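**Student:** If you scroll down you'll find the structure; I have some questions about it.
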Amino acid sequence: MKGNLVLAFSGGLDTSFCVLYLREQGYAVHTVTVDTGGFSAEERQRIDELAVRLGASSHRVIDARADLWQNYLRYLVYGNVLRGQAYPLSVSAERVCQAAAVVAAAKELGATAIAHGSTGAGNDQVRFDVAFRALAPEAEIVTPIRDLALSRAAEVDYLAERGFTFPARTKDYSVNEGMWGTSVGGRETLGTWDALPEEAFPGGRVDTQLAPQDLTIQFSAGVPVAVDGHAMDPVVLVETLNALGGRFGVGRGHHLGDTILGIKGRIGYEAPAAHLLIGAHRELEKAVLSGKQLFWKESLGNLYGALLHEGQFFDPLARDLEAFLTSSQRFVTGDVRVLLYPRGFTVQGVRSEFSLMNPDVASYGESNRLWTGQEAAGFAKVFGVGQYLVGKAQAGA
4 MKGNLVLAFS GGLDTSFCVL YLREQGYAVH TVTVDTGGFS AEERQRIDEL AVRLGASSHR
64 VIDARADLWQ NYLRYLVYGN VLRGQAYPLS VSAERVCQAA AVVAAAKELG ATAIAHGSTG
124 AGNDQVRFDV AFRALAPEAE IVTPIRDLAL SRAAEVDYLA ERGFTFPART KDYSVNEGMW
184 GTSVGGRETL GTWDALPEEA FPGGRVDTQL APQDLTIQFS AGVPVAVDGH AMDPVVLVET
244 LNALGGRFGV GRGHHLGDTI LGIKGRIGYE APAAHLLIGA HRELEKAVLS GKQLFWKESL
304 GNLYGALLHE GQFFDPLARD LEAFLTSSQR FVTGDVRVLL YPRGFTVQGV RSEFSLMNPD
364 VASYGESNRL WTGQEAAGFA KVFGVGQYLV GKAQAGA
């Protein structure tokens with residue numbers, strides 16, 4: 004026996020293959036499923052029963068949704084992070100959170116090896132490997148799917164020979180559903196021109212006759228705390244907005260971007276809560292933060308998102324950026340009024356006791372009480388001195 008090994012187990016073909024293969028290699032395989040959203044009760048039961056039938060030495064499900072929010076997603080809201088101004092980093096955050104939970108389980112069991120079922124073709128292998136090495140440098144990392152480079156058909160045959168039947172892939176689209184969003188891949192996302200049909204998304208076709216719906220999202224120090232006056236735990240609030248926004252097809256789109264491996268990739272996504280919260284939060288910040296704060300938040304928020312997306316979450320810089328983002332949220336408290344309509348939403352208004360926009364003092368383009376017309380003229384003259392000097396010096400050039 005090679006000792007205890009903990010496997011990040013999804014219950015799919017690849018990780019099911021890993022259980023049998025690693026057992027035959029002499030490991031005592033302990034399966035861990037980390038729930039970061041998107042699991043139905045039926046799916047969780049199926050995974051539990053499958054792990055037992057495959058012969059796992061032990062199996063456990065870790066509900067990591069609260070951890071996902073507290074240690075990952077809230078910073079994405081603070082930073083208004085959307086990759087390419089479009090894609091919420093749902094899979095990126097989930098994989099790092101899942102990897103950390105798997106490592107914690109491995110340490111509890113005293114396992115000397117940790118395994119995942121990622122292939123050698125995508126981003127997830129890097130995220131898992133980097134997290135495992137950062138959090139458990141003493142552990143052996145085992146990656147059968149990547150190392151053996153087997154086809155799906157070969158895996159199906161291997162399992163069938165041992166009495167486990169996996170149906171041939173019949174779905175046209177691969178779907179990864181989580182709390183912060185769902186990613187969708189298919190024939191259309193292999194290129195850059197075609198769009199996924201509405202039926203490919205979990206929410207299906209949108210009813211264009213739906214009447215618009217108003218809702219109000221309340222924030223306290225940057226954290227969403229209530230919807231329409233009903234206080235909610237962040238996890239419940241995210242799931243509530245996913246249900247509300249999902250009916251309208253909010254937060255759907257396609258993202259074309261750079262992968263960790265240096266190639267371009269394209270996916271579809273559906274993320275109602277992420278888009279609603281980030282859109283509402285950004286508008287509230289415009290009222291309560293200074294212009295310079297907004298400028299640097301956009302830059303550093305994008306940097307934080309890049310670290311998370313590219314498997315660099317455990318670089319100390321990420322902790323420094325989290326401290327900055329947290330500090331920036333001290334006065335991001337107030338209400339945001341949002342209007343939902345088929346396939347979109349708009350922010351209708353914001354209000355906050357910390358708003359820097361005060362019509363009692365000054366109104367843009369109208370009257371004010373802070374300066375006179377003569378003072379404004381002097382300011383405009385001094386403000387443009389540098390450009391005046393450039394223009395004068397280069398007039399004959």
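Per our numbering, the very first residue in the sequence shown carries number 4; after that it's consecutive. We put the beta carbon where it would ideally sit given N, CA and C, even for glycine. Here the structure is a predicted model, which means the values were calculated and not measured.
Using CA coordinates, which residue listed in 196, 372, 321 is at the minimum distance from residue 78?
**Tutor:** 321
**Student:** Quick one, which of 306, 313, 356, 212 has its alpha-carbon nearest residue 133's?
**Tutor:** 313
**Student:** Which word fits residue 95, buried or exposed, when buried means at least 16 other C-beta atoms lie within 10 angstroms of its C-beta?
**Tutor:** Label assigned to residue 95: buried.
**Student:** So, residue 140 versus residue 274, is the Cβ gap smaller than 9 Å?
**Tutor:** no
**Student:** Residue 194 and residue 89 look like a contact to me (Cβ under 8 Å); what is the Cβ gap, rounded to whole Å?
**Tutor:** In fact, because the Cβ distance is near 18 Å, the residues do not count as touching under 8 Å.
**Student:** Taking residue 372 as part of the alpha helix (DSSP H), name the residues at either end of that continuous run.
**Tutor:** First-last for residue 372: undefined, no H or E at that position.
**Student:** Between residue 324 and the rest of its own chain, which residues show a CB-CB distance below 6 Å, the 5 nearest in sequence each way excluded?
**Tutor:** 303, 307
**Student:** For the alpha helix (DSSP H) that residue 106 lies in, which residues bound it at each end?
**Tutor:** 93-112
**Student:** Is the beta carbon of residue 287 closer than 9 Å to that of residue 366?
**Tutor:** Not closer than 9 Å, so no.
**Student:** Do residue 332 and residue 224 come within 9 Å of each other at the CB atom, strictly closer than that value?
**Tutor:** It is a contact, given that the beta carbons lie within the stated cut-off.
**Student:** Just reading off the beta strand (DSSP E) that residue 327 is part of, what are its end residues?
**Tutor:** No beta strand (DSSP E) holds residue 327; the alpha helix (DSSP H) holding it covers 319-330.
**Student:** Do residue 123 and residue 260 have their C-beta atoms closer together than 9 Å?
**Tutor:** no
**Student:** If residue 244 and residue 214 are in contact, beta carbons under 8 Å, what's the gap, nearest whole angstrom?
**Tutor:** No, residue 244 and residue 214 are not in contact; Cβ-Cβ is about 18 Å, not under 8 Å.
**Student:** Between the stretch 56-63 and the stretch 225-235, do at least 3 Cβ pairs fall closer than 8 Å?
**Tutor:** no
**Student:** Just tell me which of 98, 254, 52, 53 has its CA closest to the CA of residue 68.
**Tutor:** 98
**Student:** Near residue 5, what residues of its chain come up, given a Cβ to Cβ distance below 6 Å and the 5 sequence neighbours on each side ignored?
**Tutor:** 29, 30
**Student:** Return the bridge partner residues of residue 273 from the DSSP annotation.
**Tutor:** According to DSSP, which records beta bridges pairwise, residue 273 is partnered with 185, 255.
**Student:** Below 9 Å between beta carbons: does that hold for residue 15 and residue 182?
**Tutor:** no
**Student:** DSSP puts residue 1 in a beta bridge; with which residues?
**Tutor:** Because the chain spans 4 through 400 in this model, residue 1 falls outside it and cannot be assessed.
**Student:** Terminal residues of the continuous alpha helix (DSSP H) containing residue 25?
**Tutor:** 16-27
**Student:** Do you know offhand how far residue 160's Cα is from residue 230's?
**Tutor:** 50 Å
**Student:** Considering just the uninterrupted stretch of the beta strand (DSSP E) at residue 340, what are its terminal residues?
**Tutor:** Residue 340 -> beta strand (DSSP E) spans 337-344.
**Student:** Report the CB separation of residue 23 from residue 8 in whole angstroms; it is logged as a contact under 8 Å.
**Tutor:** Not quite, the Cβ-Cβ distance comes to about 13 Å (not below 8 Å), so this is no contact.
**Student:** Along the chain, where does the alpha helix (DSSP H) containing residue 263 start, and where does it finish?
**Tutor:** Unbroken run through residue 263: none, as it is neither H nor E.
**Student:** Would you kindly report the start and end of the unbroken alpha helix (DSSP H) that includes residue 70?
**Tutor:** First-last of the alpha helix (DSSP H) with residue 70: 68-71.
**Student:** Does DSSP put residue 30 in a helix, in a strand, or in coil?
**Tutor:** strand
**Student:** Looking only at its chain, what residues have a beta carbon closer than 6 Å to the beta carbon of residue 17, apart from the 5 residues adjacent to it on each side?
**Tutor:** 120, 148
**Student:** Does the Cβ-Cβ distance between residue 281 and residue 84 come in under 9 Å?
**Tutor:** yes
**Student:** Quick check: the Cα distance between residue 170 and residue 66, rounded to an integer number of angstroms?
**Tutor:** If you take the alpha carbons of residue 170 and residue 66, they lie about 28 Å apart.
**Student:** Cβ of residue 386 within 8 Å of any heavy atom in the ligand ZN?
**Tutor:** Among the components modelled here there is no ligand, and therefore nothing to report on the ligand ZN.
**Student:** On the premise that residue 104 lies in contact with residue 37, defined as a C-beta separation below 8 Å, what is that separation, rounded to the nearest angstrom?
**Tutor:** Correct: roughly 4 Å between the Cβ atoms.
**Student:** Which residues in the same chain as residue 216 place their Cβ atom closer than 7 Å to its Cβ, once the five residues preceding and following it in sequence are excluded?
**Tutor:** 343
**Student:** What does the alpha-carbon distance come out to for the pair residue 150 and residue 21?
**Tutor:** 11 Å
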